[in-house]
Amino acid sequence: MNRKIIHCDCDCFFAAIEIRDDPALEGLPVAVGGDPGKRGVVATCNYEARKFGVHSAMASARARRLCPDLIIIPPSKNKYSEASKQMHNIFKDYTSLIEPLSLDEAFLDVSDCDKCKGSATLIAAEIRQRVREEMKITLSAGIAPNKFLAKVASDWNKPDGQYVITPDKVSDFVVALNVRKIFGVGKVTAEKMQNLGIDTCQDLQTYSQTELLTLFGSFGERLYSLSRGIDERPVVTEHPRKSISVELTYNKDLPTLKHCIAELPDLLDKLEQRIHRSNRQVSIGKLFVKLKFTDFITTTVEQISQELDLQQFQQLCQTGYERGNKPVRLLGLGIRLREALNFYQLPLNFEDNATTKQDNPN
Ligand code: TTP
Ligand code: MG
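Going by this note's numbering, the sequence shown opens with residue 1125, and the numbers climb by one from there.
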């Protein structure tokens, strides 16, 4: 199953925030960093300053020599954390599978997102537009079937751009890709490759797995996959996933309970697929049904259960429906994962408790 991964990376993040908060800086070369007189370094700088050769981690004194008009602003860490939180709240509207890499960078797995007709390209465009409008800074994005390619792609049309590598374009994209773009290929490895005449991923593809292992040690195995555009690493959230669910907003409200019940088998199918795709050992703790009525009032009903069962979902749906007794605009089905449940919420039977204790030695 193809995944849809978006890599988001803000443009000159710290500098963008400072310029946003002081519009007089617009168009001028600006860096955020330490004092040149006190051996400070540049954390980042805007694209105007980059034209002079200024870059991250450079001594501020050197940056000032390269660009005498450079405005150097001391960092305000709290402001950047605030902005990062605000951006994550935007991401959360599209997926809960978010892997932050730094304050301004994150992977999003939007394989299960139904917004924007499920198009990752449109989701990325919408996220970028919201960041521009709500936060007044710009974000670049890469869209691809895996993390490796999404990260490469976010750099492709930077700043303020996005680039998409659809699954059918992966082979063509990697053959032309310079090996220096592979994460983990630093200066030393790049030089070694150059001496071997390896310039692009296509050149790498001519080597067998064994040859790559001999040449590059354990990294060789990864090189073998990455040079073919293969990267199975999942998007890893900071917090373990607590539930898996599907929901659907209907074009026309479902007028009665009978209509709602009739939708459940389809939703259950989707839920099963999603659980399967989550690629993990799932231990069910509870089932739940969510209903949003025509007046946007939402209710969720749940019950302890260890298995996916249509009849239980039907009962939950009936209980939920009777709380409103009016047409329904959205129906959702889901499971709460057992690891995420409080010990005391589990059924009070000895075997279950014993298993839980074993799972969690603390
Ligand atoms: P980056 O995303 O690497 O850089 P950037 O956002 O400034 O620029 P780009 O448009 O190329 O993405 O890093 C994000 C922030 O992290 C950056 O704004 C400042 C901070 N940072 C440092 O403090 N020191 C560093 O050496 C780097 C690379 C970044
Ligand atoms: Mg950035």
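Where a beta carbon is used, it is the ideal one built from N, C-alpha and C, also for glycine. As the structure is a prediction and not an experimental result, all values here were calculated from the model.
Q: Would you mind giving the Cβ-Cβ distance between residue 1264 and residue 1145, rounded to the nearest angstrom? I have them listed as a contact below 8 Å.
A: As a first step, residue 1264 is located in the sequence shown; it is residue number 140 there, counting from the start. As a first step, residue 1145 is located in the sequence shown; it is residue number 21 there, counting from the start. Separation of the CB atoms of residue 1264 and residue 1145 is rounded to 21 Å, and the pair is thereby denied contact status at 8 Å.
Q) What residues in its chain sit with their C-beta under 6 Å from that of residue 1281, if we drop five residues either side in the sequence? A) Position 157 of the sequence shown, counted from the start, is the residue given in the question as residue 1281. 1287, listed in sequence order.
Q: Could you tell me the distance, in whole angstroms, from the CA atom of residue 1283 to the CA atom of residue 1207?
A: By 1-based counting over the sequence shown, the position of residue 1283 is 159. By 1-based counting over the sequence shown, the position of residue 1207 is 83. Rounded to whole angstroms, residue 1283 to residue 1207 spans 18 Å at the Cα level.
Q) Under the criterion of a Cβ to heavy atom distance below 7 Å, does residue 1284 qualify as lining ligand 2? A) In the sequence shown, counting from the first residue as 1, residue 1284 sits at position 160. No, the beta carbon of residue 1284 sits no closer than 7 Å to any heavy atom of ligand 2.
Q. Does ligand 1 have even one heavy atom less than 7 Å from the beta-carbon of residue 1426?
A. Within the sequence shown, numbered from 1, the residue matching residue 1426 stands at position 302. Incorrect: residue 1426 has no Cβ contact closer than 7 Å to ligand 1.
(Q) Taking 8 Å as the threshold (C-beta atoms), are residue 1273 and residue 1353 in contact? (A) Residue numbering aside, residue 1353 sits at position 229 when the sequence shown is read from its first letter. Residue numbering aside, residue 1273 sits at position 149 when the sequence shown is read from its first letter. With respect to residue 1273, residue 1353 sits close: the two C-beta atoms are nearer than 8 Å.
Q) Where do the ends of the beta strand (DSSP E) carrying residue 1375 lie? A) Numbered from its first residue, the sequence shown carries residue 1375 at position 251. Counting along the chain, the beta strand (DSSP E) containing residue 1375 begins and ends at 1367 to 1378.
Q: Would you kindly work out how many angstroms separate the C-alpha atoms of residue 1256 and residue 1293, rounded to a whole number?
A: Numbered from 1 along the sequence shown, position 132 holds the residue referred to as residue 1256. Numbered from 1 along the sequence shown, position 169 holds the residue referred to as residue 1293. It is roughly 29 Å from the alpha-carbon of residue 1256 to the alpha-carbon of residue 1293.
Q.
Can you find the residues in the same chain that come closer than 6 Å, C-beta to C-beta, to residue 1336, ignoring five residues on each side of it along the sequence?
A. Taking the first residue of the sequence shown as 1, we reach residue 1336 at position 212. Closer than 6 Å at the Cβ level, and outside the excluded window around residue 1336, lie 1344, 1347 and 1348.
Q: With DSSP collapsed to three states, give me the class of residue 1300.
A: Against the sequence shown, residue 1300 aligns to sequence position 176. If DSSP states are grouped into helix, strand and coil, residue 1300 belongs with coil.
Q | Cut-off 6 Å between Cβ atoms - residues of its own chain near residue 1163, not counting five sequence neighbours on either side | A | The residue labelled residue 1163 in the question sits at position 39 within the sequence shown. Excluding positions up to five away in sequence, the list is empty.
(Q) Classify residue 1157: buried if its beta carbon has 16 or more other beta carbons within 10 angstroms, exposed otherwise. (A) Here the question's residue 1157 lines up with position 33 in the sequence shown. Burial call: buried.
Q) Is the Cβ-Cβ distance between residue 1361 and residue 1453 less than 8 Å? A) In the sequence shown, the residue the question calls residue 1361 occupies position 237. In the sequence shown, the residue the question calls residue 1453 occupies position 329. With respect to the 8 Å criterion, residue 1361 and residue 1453 are not classified as neighbours on the basis of their beta carbons.
(Q) Can you tell me whether residue 1184 sits near ligand 1, meaning its C-beta is under 7 Å from at least one heavy atom of the ligand? (A) Along the sequence shown, one-based indexing puts residue 1184 at 60. No.
Q.
Rounded to the nearest angstrom, what separates residue 1416 and residue 1317 at their Cα positions?
A. For this step, residue 1416 is matched to residue 292 along the sequence shown. For this step, residue 1317 is matched to residue 193 along the sequence shown. Going by the C-alpha atoms only, they are around 58 Å apart.
(Q) What does the alpha-carbon distance come out to for the pair residue 1220 and residue 1161? (A) Locating residue 1220 in the sequence shown gives position 96, counting from the first residue. Locating residue 1161 in the sequence shown gives position 37, counting from the first residue. Their backbone Cα atoms lie some 45 Å apart in a straight line.
Q. Going straight from the alpha carbon of residue 1397 to that of residue 1310, what length do you get?
A. Reading the sequence shown from its first residue, position 273 is the one you call residue 1397. Reading the sequence shown from its first residue, position 186 is the one you call residue 1310. Straight across, the Cα-Cα distance linking residue 1397 with residue 1310 is about 39 Å.
Q: Please say whether residue 1130 and residue 1214 have beta carbons closer to each other than 8 Å?
A: Within the sequence shown, residue 1214 is the residue found at index 90, counting from 1. Within the sequence shown, residue 1130 is the residue found at index 6, counting from 1. Their beta carbons are not under 8 Å apart, which means residue 1214 does not touch residue 1130 by this criterion.
Q. Can you find a heavy atom of ligand 1 that lies under 7 Å from the Cβ of residue 1133?
A. Taking the first residue of the sequence shown as position 1, residue 1133 is located at position 9. With a cut-off of 7 Å, the C-beta of residue 1133 is classified as near ligand 1, since at least one heavy atom of the ligand falls inside that distance.
Q | Nearest residue (CA-CA) to residue 1421, options 1449, 1191 and 1313 | A | Counted from its first residue, the sequence shown places residue 1421 at position 297. Among 1449, 1191 and 1313, the Cα nearest to that of residue 1421 is on 1449.
Q) Quick one: Cα of residue 1297 to Cα of residue 1226, how far? A) Counting from one through the sequence shown, the residue named residue 1297 turns up at place 173. Counting from one through the sequence shown, the residue named residue 1226 turns up at place 102. Across the structure, residue 1297 and residue 1226 are spaced so that their CA atoms are roughly 27 Å apart.
**Q.** Those runs of the beta strand (DSSP E) which lie wholly inside the stretch 1164 to 1203 and span at least 3 residues
**A.** Entirely contained in the stretch 1164 to 1203, the beta strand (DSSP E) runs reaching 3 residues are, in chain order, 1166 to 1169 and 1195 to 1197.
Q: Kindly indicate which three-state DSSP category residue 1468 falls into: helix, strand or coil?
A: In the sequence shown, residue 1468 corresponds to position 344, counting from 1. The predicted position of residue 1468 is uncertain, since its pLDDT is 40 and thus under 50; a value taken from the coordinates is nonetheless stated next. In this structure, residue 1468 counts as helix in the three-state DSSP scheme.
Q | Residue span of the alpha helix (DSSP H) that contains residue 1312, given as start and end | A | Residue numbering aside, residue 1312 sits at position 188 when the sequence shown is read from its first letter. Residues 1311 to 1319.
Q) Would residue 1370 be called buried (16 or more neighbouring beta carbons within 10 Å of its own) or exposed? A) Taking the first residue of the sequence shown as position 1, residue 1370 is located at position 246. Counting every other CB atom within 10 Å of its CB across the protein chains shown gives residue 1370 a total of 16 or more, marking it as buried.
Q: State the DSSP-derived secondary structure class of residue 1222, mapped to helix, strand or coil.
A: Residue numbering aside, residue 1222 sits at position 98 when the sequence shown is read from its first letter. Three-state DSSP puts residue 1222 in a strand.
Q: Could you work out which residue in 1320, 1323, 1324 and 1350 is closest to residue 1333 when comparing CA atoms only?
A: In the sequence shown, residue 1333 corresponds to position 209, counting from 1. Minimum Cα-Cα distance from residue 1333 among the listed residues 1320, 1323, 1324 and 1350 corresponds to 1350.
**Q.** Three-state class that DSSP yields for residue 1341 in the structure shown
**A.** Numbered from 1 along the sequence shown, position 217 holds the residue referred to as residue 1341. Of the three classes helix, strand and coil, the one that applies to residue 1341 here is coil, per DSSP.
Q.
Measuring straight from C-alpha to C-alpha, what distance separates residue 1140 and residue 1406?
A. In the sequence shown, the residue the question calls residue 1140 occupies position 16. In the sequence shown, the residue the question calls residue 1406 occupies position 282. If I take the Cα positions, the gap works out to 42 Å.
Q | First through last residue of the alpha helix (DSSP H) which encompasses residue 1082 | A | Because the chain is modelled from 1125 through 1486, residue 1082 falls outside the range shown and cannot be assessed.
Q) Smallest Cα separation from residue 1175: which of 1386, 1338 and 1191? A) The sequence position of residue 1175 within the sequence shown is 51, counting from 1. Nearest to residue 1175 by C-alpha distance, out of 1386, 1338 and 1191, is 1191.
(Q) Let me make sure I understand the geometry here. Which of 1379, 1431 and 1446 has the alpha-carbon closest to that of residue 1418? (A) In the sequence shown, the residue the question calls residue 1418 occupies position 294. Considering only 1379, 1431 and 1446, the residue with the shortest C-alpha distance to residue 1418 is 1379.
Q) Within the present structure, is the beta-carbon of residue 1137 separated from the nearest heavy atom of ligand 2 by less than 7 Å? A) Taking the sequence shown and counting its residues from 1, one reaches residue 1137 at position 13. Yes, the Cβ of residue 1137 comes within 7 Å of a heavy atom of ligand 2.
Q. So what does residue 1146 bridge to, in DSSP terms?
A. What you label residue 1146 is simply residue 22 of the sequence shown in a count that begins at 1. In the DSSP assignment, residue 1146 forms no beta bridge with any residue.
Q | Rounded distance between the beta-carbons of residue 1437 and residue 1392, thought under 8 Å | A | Position 268 of the sequence shown holds residue 1392. Position 313 of the sequence shown holds residue 1437. Yes, residue 1392 and residue 1437 are in contact; Cβ-Cβ is about 6 Å, under 8 Å.
Q: Report yes if the C-beta of residue 1180 is less than 7 Å from at least one heavy atom of ligand 1; otherwise report no.
A: Translated into positions along the sequence shown, residue 1180 becomes position 56. Yes; taking the cut-off as 7 Å, the Cβ of residue 1180 has a heavy atom of ligand 1 nearer than that.
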